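Peer 1: This is the structure I have questions about; it appears just below.
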Amino acid sequence: MTRIGFIGLGIMGSPMASHLVQAGHEVLGYTLNSDAYQRLEADGGRSAGSIAEAVKDAEIVITMLPNHPQVEEVVLGEDGVFAHAPEGALLIDFSTIRPESSVAIAEAGGKAGFRVLDAPVSGGQAGAEQGVLSIMVGGTEFDFAAATPIFEAVGKTYIHVGPHGAGQVVKAANQLVVGGTYALVAEAIVLMEALGVDAGKGLDVLAGGLAGSRILELKRKSMVAREFAPGFRIDLHHKDMGIIADASRQADIALPTAALVTSLIAAGRAQGYGALDHSALLKVIENLNGRGEK
Ligand code: NAD
1 MTRIGFIGLG IMGSPMASHL VQAGHEVLGY TLNSDAYQRL EADGGRSAGS
51 IAEAVKDAEI VITMLPNHPQ VEEVVLGEDG VFAHAPEGAL LIDFSTIRPE
101 SSVAIAEAGG KAGFRVLDAP VSGGQAGAEQ GVLSIMVGGT EFDFAAATPI
151 FEAVGKTYIH VGPHGAGQVV KAANQLVVGG TYALVAEAIV LMEALGVDAG
201 KGLDVLAGGL AGSRILELKR KSMVAREFAP GFRIDLHHKD MGIIADASRQ
251 ADIALPTAAL VTSLIAAGRA QGYGALDHSA LLKVIENLNG RGEK
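Per UniProt numbering, the sequence shown starts with residue 1, numbered consecutively.
So this is what it looks like as structure tokens:
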């Protein structure tokens, strides 16, 4: 059993914290939206009134926050994790943030006597609820090994992909494939419906062939039914496309399809869909074709 301070109990963090409690760990959670405390306490975890309280006795600190400004504030801030956690504690940041921020946090942690892993996840809300996330981990082999029981409790696939920041690079690649796939599935639905074919039946066939994917498996029914409750918000995917754009510029490489997907996701935000699930890219493609809600 490990004492864990868990910060950020949102769509992903809340079920992940519950899985850690169920695996026998002692979880003390802190978040800004206090709705999530009910679930944590019902599952056997405890709520903290501040970051300091959540981490003061922690062996492992977990963060699952929206983006790098929140992670930097929570971890590096005056009243943050490094100011209050016991020296030697291991910080596992499951958030998706830009690689250079993960590297900077690891360096600051090292100087202050903390160990740090970047460990962004894939698998969406369903993966978090089922405890079957895919986890891409950057940091040292030693810390990766120490974190294995945590990854075991929330994930199914977890791989040490390289040094600090490498987890975030792999996550950027993941978001590129996910965004591009959603855009193409959206276009496939619009194409089939425009030609009078039942898109639900069509996607059932696609899901069983070479075009099959986890996105088709999990999301084809809700997309055809136009159910876009998040899930993974367009706002967050917009953030991730920015990470991909910055990373590709730094690497001096061209990613033409990424550029197109970035614009489609930005259009979704501009059209007011930022709080909807990223499968709402379907609405963007429909609007492009004059087939949206009138
Ligand atoms: P979310 O907005 O539902 O949750 C974020 C949580 O952090 C919220 O509960 C918020 O209250 C809390 N928070 C924000 N600032 C805080 C602060 N200063 N102190 C304490 N708590 C604070 O977001 P999410 O969908 O759970 O995503 C979290 C991260 O995981 C993001 O980086 C996202 O890109 C990534 N991610 C999300 C999904 C998904 O399907 N939702 C999948 C993979 C990765």
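Heads up, the beta-carbon is just placed ideally off N, CA and C, and yes, glycines get one too.
Computed from a prediction, not measured in an experiment: that's the story for all the values here.
Excluding the 5 residues preceding and the 5 following Lys56 in the sequence, name in chain order all residues of the same chain whose CB lies nearer than 6 Å to its CB.
Peer 2: Here the set comprises His84.
Peer 1: So, Gly179 versus Ile265, is the Cβ gap smaller than 8 Å?
Peer 2: Contact flag set, yes.
Peer 1: Going by alpha carbons, who is nearest to Val185 out of Arg214, Asn33, Ala267?
Peer 2: Ranking the options by Cα distance to Val185, first place goes to Arg214.
Peer 1: Under a three-way DSSP split, which group does residue 300 fall into?
Peer 2: Here the chain comprises residues numbered 1 to 294, so residue 300 is not present and cannot be evaluated.
Peer 1: With C-beta atoms as the reference, is Gly268 less than 8 Å away from Ala280?
Peer 2: Result yes, Cβ atoms of Gly268 and Ala280 sit closer than 8 Å.
Peer 1: Relative to the C-alpha of Ser18, which candidate in Val75, Glu129, Phe142 has its C-alpha closest?
Peer 2: Selected option, being the one with the closest Cα: Glu129.
Peer 1: Around the C-beta of Gly29, are 16 or more other C-beta atoms found within 10 angstroms, so that it is buried, or is it exposed?
Peer 2: Gly29 is buried by the Cβ-count criterion.
Peer 1: Could you check whether the Cβ of Val170 sits closer than 7 Å to any heavy atom belonging to the ligand NAD?
Peer 2: The answer is no for Val170.
Peer 1: Please list the terminal residues of the continuous alpha helix (DSSP H) segment that includes Phe151.
Peer 2: Here the alpha helix (DSSP H) through Phe151 covers 141–154.
Peer 1: Look at the alpha carbon of Ala23 and the alpha carbon of Gly292, and state the distance between them as a whole number of angstroms.
Peer 2: So the alpha carbons of these two residues sit roughly 46 Å apart.
Peer 1: Does the structure place the stretch 161–172 close enough to the stretch 91–105 that three or more beta carbon pairs sit under 8 Å?
Peer 2: Cβ pair count under 8 Å is three or more, so yes.
Peer 1: So is Asn174 buried or exposed if we call it buried at 16+ other beta carbons inside 10 Å?
Peer 2: With 16 or more other Cβ atoms within 10 Å, it is buried.
Peer 1: Measure the C-alpha to C-alpha separation of Thr181 and Glu152 and round it to an integer number of angstroms.
Peer 2: For Thr181 and Glu152, the distance between alpha carbons rounds to 28 Å.
Peer 1: Closer than 7 Å: is that where the CB of Ser279 sits relative to any heavy atom of the ligand NAD?
Peer 2: Checking the Cβ of Ser279 against the ligand NAD gives no.
Peer 1: For Ala270, tell me which candidate among Val154, Thr31, Ile234 has the shortest Cα-Cα distance.
Peer 2: The residue with the shortest Cα to Cα distance from Ala270 is Ile234.
Peer 1: Pairs of beta-carbons, one from the stretch 84–93 and one from the stretch 56–67, closer than 8 Å: are there three or more?
Peer 2: Taking 8 Å as the limit for Cβ pairs, the verdict is that the stretch 56–67 does touch the stretch 84–93.
Peer 1: When DSSP builds the beta bridges, which residues end up paired with Val61?
Peer 2: DSSP, once it has assigned bridges, lists Gly5, Leu91 as partnering Val61.
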